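The structure appears right after this line, and notes come after that.
4 protein chains.
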Amino acid sequence: MTDAASSSGQRLHVPIALRWGDLDAFNHVNNTSMLKLLEEARVRAFWGAEHGEEVPTTAVLRPGPAGGQLMLIARQEIEYLAPVPYRRDPLDIQLWFSSFGGSSVEVSYEVFSPAGAEPQTLYARAKSVVVMVDAATGKPTRLTDEMRGAWSPYAGPAVAMGQRR
Amino acid sequence: MTDAASSSGQRLHVPIALRWGDLDAFNHVNNTSMLKLLEEARVRAFWGAEHGEEVPTTAVLRPGPAGGQLMLIARQEIEYLAPVPYRRDPLDIQLWFSSFGGSSVEVSYEVFSPAGAEPQTLYARAKSVVVMVDAATGKPTRLTDEMRGAWSPYAGPAVAMGQRR
Amino acid sequence: MTDAASSSGQRLHVPIALRWGDLDAFNHVNNTSMLKLLEEARVRAFWGAEHGEEVPTTAVLRPGPAGGQLMLIARQEIEYLAPVPYRRDPLDIQLWFSSFGGSSVEVSYEVFSPAGAEPQTLYARAKSVVVMVDAATGKPTRLTDEMRGAWSPYAGPAVAMGQRR
Amino acid sequence: MTDAASSSGQRLHVPIALRWGDLDAFNHVNNTSMLKLLEEARVRAFWGAEHGEEVPTTAVLRPGPAGGQLMLIARQEIEYLAPVPYRRDPLDIQLWFSSFGGSSVEVSYEVFSPAGAEPQTLYARAKSVVVMVDAATGKPTRLTDEMRGAWSPYAGPAVAMGQRR
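For the record, the sequence lines run as chains P, E, B and D. Our numbering puts the first residue of the first sequence at 61, with every later residue one more than the last. Our numbering puts the first residue of the second sequence at 61, with every later residue one more than the last. Our numbering puts the first residue of the third sequence at 61, with every later residue one more than the last. Our numbering puts the first residue of the fourth sequence at 61, with every later residue one more than the last.
Listed below in structure tokens is the structure:
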């Protein structure tokens with residue numbers, strides 16, 4: 061992959077509500093639940109509207125089994141910075157494109173406590189390499205001009221993951 | 061349990077967002093995911109605010125491992141009326157109290173497609189018997205006057221479950 | 061549905077391993093996880109082998125999106141009798157057919173602590189109405205003679221669900 | 061963290077059964093379900109027996125809310141190499157210790173198709189940084205000599221994660 065040529069620093073903010081069922085027996089959001097939240101943020105950020113809903117300008121995909129197109133995760137990296145308690149207000153999942161390849165993108169994320177209550181707590185940082193795949197053949201398909209056009213305003217450098225301990 | 065003495069017919073409407081991860085390999089919301097949605101509706105309907113959020117008047121419990129009080133499910137019954145596809149807008153989960161016992165309540169539910177788009181589709185009907193339990197001793201505890209007072213405006217007859225086939 | 065004509069009382073015993081992730085913040089197997097365990101027991105009891113594995117004689121279905129056949133849950137009822145802790149040994153899920161309809165069956169279950177350690181604890185009782193559906197048309201399909209033949213040795217009366225409190 | 065001083069190359073083999081519910085609407089094991097499988101492999105590899113079960117020699121922890129000790133995931137990295145279909149036989153999850161810190165370890169994994177059927181397919185590679193935490197104070201606690209002694213036979217170099225595309 062080549063790095064994004066331009067970097068506006070713009071981020072998509074996707075509000076995703078926790079569920080009490082995301083907690084595990086330690087009474088914190090489970091490490092795998094956090095990736096479920098990222099998955100839902102991607103779906104809401106990238107999949108087009110099917111029922112006339114208002115969607116972000118990045119929502120240009122027609123995936124799902126009937127859409128002809130799959131988004132496969134090739135690789136994922138996540139760093140948990142603080143335990144996440146259950147709360148009603150949706151988390152503020154911020155995401156952007158940290159790399160564009162021929163048939164894949166790298167998505168960077170920062171997961172924050174709910175927007176509106178300052179200061180926000182940064183709960184996690186993550187990166188996913190997402191590959192576009194043709195549902196019928198299982199082969200990667202090239203990013204279209206529509207995708208690049210819709211996504212490039214949200215290009216930025218990859219989230220910095222540090223060693224914390 | 062005795063039937064609710066009065067029956068206002070009022071229902072709580074709890075909007076609960078689907079996640080794409082609720083679907084199973086048949087591309088519909090999985091039968092167990094539907095019960096996860098009901099669980100989240102109960103939490104949002106009955107648990108008190110912890111961060112100053114706006115909550116319904118029925119939200120009088122202080123549960124969770126630290127709250128001293130558990131809500132245990134003793135029994136559950138659910139009828140699936142139509143397959144539920146993924147969509148962004150939250151489902152309209154309607155719930156009410158169909159019976160009050162000494163230390164338990166029966167909650168009735170109807171799960172509808174998102175509010176606002178008429179006509180709504182009825183996806184499922186369900187009932188749960190929920191028992192209040194002391195977290196330390198594991199014994200049932202009696203419903204308090206506060207609970208009865210907060211919940212009785214939403215008393216009504218049990219949801220009618222029919223044989224569909 | 062008509063009741064099963066004959067009742068041998070035979071039960072299938074399906075061992076299903078818990079996962080620590082089935083627990084919720086109360087440190088017990090979550091009420092919805094229990095239905096996940098029943099789902100897995102059905103899959104292992106009814107779906108045919110795809111890789112030459114040894115399977116029970118009841119495993120005659122070819123479902124899954126590619127199998128042309130779906131098993132839809134129309135209705136489910138479950139009673140939780142005791143909290144289930146995490147443990148390594150698989151639960152002993154016992155199931156049988158409590159009713160045969162034209163295109164559906166009712167499955168009854170009792171969920172026990174692991175086989176081998178007597179006395180076993182009965183954790184839950186449940187019943188599911190499962191409808192066979194053609195994947196292409198979405199219409200119910202009739203039970204075949206092969207299904208009836210494979211399943212009738214495991215016919216028995218419906219599990220008795222009692223009011224516990 | 062310092063690299064493991066010695067490297068025997070020994071791996072723990074933890075058989076973990078899939079569930080059909082691990083699949084998503086694309087009919088493959090979901091990317092987050094794979095991490096659920098790794099979580100269960102860790103629990104079975106590291107947690108001591110509570111009911112006299114046979115456990116590996118690495119099972120020296122007493123975690124869980126009552127055990128006084130939590131295993132928190134600080135960081136996780138996973139690479140998905142091939143889609144995983146549902147199958148009955150348990151996956152062969154191989155894991156070892158790729159680094160020992162003062163209060164943490166890095167666990168490396170390779171997830172293979174079921175043992176016994178050669179050649180095995182490598183489905184995923186992953187690494188987790190796991191921190192031991194005191195449940196009461198929430199502070200990291202130092203690895204004990206017992207842990208180091210039990211785990212060092214399974215020390216080895218970190219799994220090599222490559223860029224696949």
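Glycine included, every Cβ here is placed at the ideal spot set by N, Cα and C. Predicted model, so just to flag it, every value in this text is computed and none were measured.
| request: Would you mind working out which of P/N87, P/I76 and P/A77 sits nearest B/G81, comparing C-alpha positions? | output: Position 21 of the third sequence, counting from 1, holds the residue named residue 81 of chain B. Checking every option, the nearest Cα to that of B/G81 belongs to P/N87.
| What do you reckon, are the CB atoms on D/L78 and D/Y146 nearer than 8 angstroms? | Translated into positions along the fourth sequence, residue 78 of chain D becomes position 18. Translated into positions along the fourth sequence, residue 146 of chain D becomes position 86. Result yes, Cβ atoms of D/L78 and D/Y146 sit closer than 8 angstroms.
| DSSP beta-bridge partners of B/P200 | Within the third sequence, the letter at position 140 stands for residue 200 of chain B. Paired residue(s): B/V193.
| task | With DSSP as the reference, please indicate the residues paired to E/Y169 in a beta bridge. | result | Taking the first residue of the second sequence as 1, we reach residue 169 of chain E at position 109. Answer by DSSP bridge pairing, in chain order: E/L155 and E/A186.
| Cβ distance (whole Å) where B/G162 is taken to contact B/R202 below 8 angstroms | By 1-based counting over the third sequence, the position of residue 162 of chain B is 102. By 1-based counting over the third sequence, the position of residue 202 of chain B is 142. With 8 angstroms as the limit, B/G162 and B/R202 qualify as a contact, their Cβ atoms being about 6 angstroms apart.
| With distances taken between CB atoms, is the gap from D/A215 to D/T118 smaller than 8 angstroms? | Reading the fourth sequence from its first residue, position 155 is the one you call residue 215 of chain D. Reading the fourth sequence from its first residue, position 58 is the one you call residue 118 of chain D. Against a cut-off of 8 angstroms, the Cβ pair of D/T118 and D/A215 comes out as no contact.
| Chain-order list of residues whose beta-carbon lies under 6 angstroms from that of D/D233 (same chain, five-residue window excluded) | This structure does not reach residue 233 of chain D, given that chain D is present from 61 up to 225, and the question cannot be answered.
| field | Enclosing beta strand (DSSP E) for E/A134 [first to last residue] | value | The residue given as residue 134 of chain E occupies position 74 in the second sequence. Segment Q129 to Y140, the beta strand (DSSP E) holding E/A134.
| query | Can you list the residues of chain D that E/L83 reaches, using a CB-CB cut of under 8 angstroms? | reply | On the second sequence, residue 83 of chain E is found 23 positions in, with the first residue counted as 1. Correct list: D84 and A85.
| task | Report the three-state DSSP secondary structure of P/S164 (helix, strand or coil). | result | Reading the first sequence from its first residue, position 104 is the one you call residue 164 of chain P. Note: P/S164 maps to strand in three-state DSSP.
| query | If you check the beta carbons only, do D/M192 and D/Q129 fall under 8 angstroms apart? | reply | Here residue 192 of chain D is taken as the residue at index 132 of the fourth sequence, counted from 1. Here residue 129 of chain D is taken as the residue at index 69 of the fourth sequence, counted from 1. Their beta carbons are under 8 angstroms apart, which means D/M192 touches D/Q129 by this criterion.
| message | Taking its Cβ as the centre, do 16 or more other Cβ atoms sit within 10 Å of P/Q70, making it buried, or is it exposed? | response | Numbered from its first residue, the first sequence carries residue 70 of chain P at position 10. Classification for P/Q70: exposed.
| Among residues of its own chain, excluding the 5 on either side of D/P116, which ones have a beta-carbon nearer than 7 angstroms to its beta-carbon? | Residue mapping note: residue 116 of chain D aligns to position 56 of the fourth sequence, counting from 1. Closer than 7 angstroms at the Cβ level, and outside the excluded window around D/P116, lie L72 and A105.
| request: Over the uninterrupted alpha helix (DSSP H) stretch that includes B/V103, give me the two end residues. | output: Position 43 of the third sequence, counted from the first residue, corresponds to residue 103 of chain B. Its alpha helix (DSSP H) spans residues N91 to F106.
| query | Under a CB-based cut-off of 8 angstroms, is B/W80 close to chain D? | reply | For the purposes of this step, residue 80 of chain B is identified with residue 20 of the third sequence, where counting begins at 1. Interface residue (Cβ-Cβ distance to chain D less than 8 angstroms): B/W80 is classified as such.
| Interface flag, B/K96 vs chain E, CB-CB below 8 angstroms | Along the third sequence, read from residue 1 onward, the residue named residue 96 of chain B stands at position 36. Taking Cβ atoms only, chain E reaches closer than 8 angstroms to B/K96, which makes this a yes.
| Terminal residues of the alpha helix (DSSP H) in which E/W211 lies | Looking up residue 211 of chain E in the second sequence gives position 151. Looking at the DSSP string, the run of the alpha helix (DSSP H) that includes E/W211 is D205 to W211.
| request: Would you kindly check if the distance between the Cβ of D/E113 and the Cβ of B/D149 is under 8 angstroms? | output: Locating residue 149 of chain B in the third sequence gives position 89, counting from the first residue. Locating residue 113 of chain D in the fourth sequence gives position 53, counting from the first residue. Yes.
| task | List the residues that DSSP assigns as beta-bridge partners of P/V74. | result | Mapped onto the first sequence, residue 74 of chain P falls at position 14. Answer is P/I153, bridged to P/V74.
| message | Less than 7 angstroms separating the Cβ of E/Y214 from some heavy atom of the ligand SAH? | response | The ligand SAH is not among the ligands present in this structure, which contains no ligands whatsoever.
| field | Interfacial residues, the segment 171-201 of chain P to chain E, with Cβ spacing under 9 angstroms | value | P174 and A177
| message | Please list, in chain order, the residues of the segment 108-124 of chain E that have any C-beta partner in chain P closer than 8 angstroms. | response | A109, E110, H111, E113, V115 and G124
| Rounded straight-line distance, which links the Cα of P/Q154 to that of P/V74 | Along the first sequence, one-based indexing puts residue 74 of chain P at 14. Along the first sequence, one-based indexing puts residue 154 of chain P at 94. CA-to-CA, the gap between P/V74 and P/Q154 works out to about 6 angstroms.
| Just the Cα atoms here: how many angstroms apart are D/L121 and D/S188? | In the fourth sequence, the residue the question calls residue 121 of chain D occupies position 61. In the fourth sequence, the residue the question calls residue 188 of chain D occupies position 128. In a straight line, the C-alpha of D/L121 is about 17 angstroms away from that of D/S188.
| request: Verify whether the separation of the beta carbon atoms of P/A134 and P/S159 is less than 8 angstroms. | output: As a first step, residue 134 of chain P is located in the first sequence; it is residue number 74 there, counting from the start. As a first step, residue 159 of chain P is located in the first sequence; it is residue number 99 there, counting from the start. Contact: no.
| field | Reference D/G198; option with closest CA among D/L132, D/V219, D/Y169 and D/D84 | value | Here residue 198 of chain D is taken as the residue at index 138 of the fourth sequence, counted from 1. Nearest of D/L132, D/V219, D/Y169 and D/D84 to D/G198, Cα basis: D/L132.
| query | Out of D/G222, D/V144 and D/M207, which has the shortest C-alpha to C-alpha gap to D/T92? | reply | Counting from 1 along the fourth sequence, the entry for residue 92 of chain D is found at position 32. Closest option to D/T92, Cα to Cα, is D/V144.
| query | What number of angstroms, rounded off, separates the C-alpha of P/V171 from the C-alpha of D/L83? | reply | Position 111 of the first sequence, counted from the first residue, corresponds to residue 171 of chain P. Position 23 of the fourth sequence, counted from the first residue, corresponds to residue 83 of chain D. Going by the C-alpha atoms only, they are around 25 angstroms apart.
| task | Report the option in B/E166, B/S168 and B/D152 whose CA atom is closest to the CA atom of B/Q180. | result | Position 120 of the third sequence, counted from the start, is the residue given in the question as residue 180 of chain B. Residue B/D152 is the option with its Cα nearest to B/Q180.
| Which residue's Cα is closest to the Cα of P/I138: P/A109, P/S168, P/F157 and P/W156? | Residue mapping note: residue 138 of chain P aligns to position 78 of the first sequence, counting from 1. The option with the nearest alpha carbon to P/I138 is P/S168.
| request: State the Cα-Cα distance for the pair E/P174 and E/F157, rounded to the nearest angstrom. | output: Here the question's residue 174 of chain E lines up with position 114 in the second sequence. Here the question's residue 157 of chain E lines up with position 97 in the second sequence. Cα-Cα distance, rounded: 22 angstroms.
| query | In whole angstroms, what separates the C-alpha of E/R185 from that of P/R208? | reply | Here the question's residue 185 of chain E lines up with position 125 in the second sequence. Here the question's residue 208 of chain P lines up with position 148 in the first sequence. Rounded to whole angstroms, E/R185 to P/R208 spans 44 angstroms at the Cα level.
| task | Spell out whether any CB of chain B is found under 8 angstroms from the CB atom of E/Q136. | result | Taking the first residue of the second sequence as position 1, residue 136 of chain E is located at position 76. Closer than 8 angstroms to some Cβ of chain B, the Cβ of E/Q136 qualifies, so yes.
| E/A220 and E/Y183: beta carbons closer than 8 angstroms? | As a working note, residue 220 of chain E is residue 160 in the second sequence. As a working note, residue 183 of chain E is residue 123 in the second sequence. Taking 8 angstroms as the Cβ cut-off, E/A220 and E/Y183 do not qualify as a contacting pair.
| Nearest to B/Y140 by CA position, among B/P213, B/V89 and B/A85, is which residue? | Position 80 of the third sequence, counting from 1, holds the residue named residue 140 of chain B. Per the Cα distances, B/V89.
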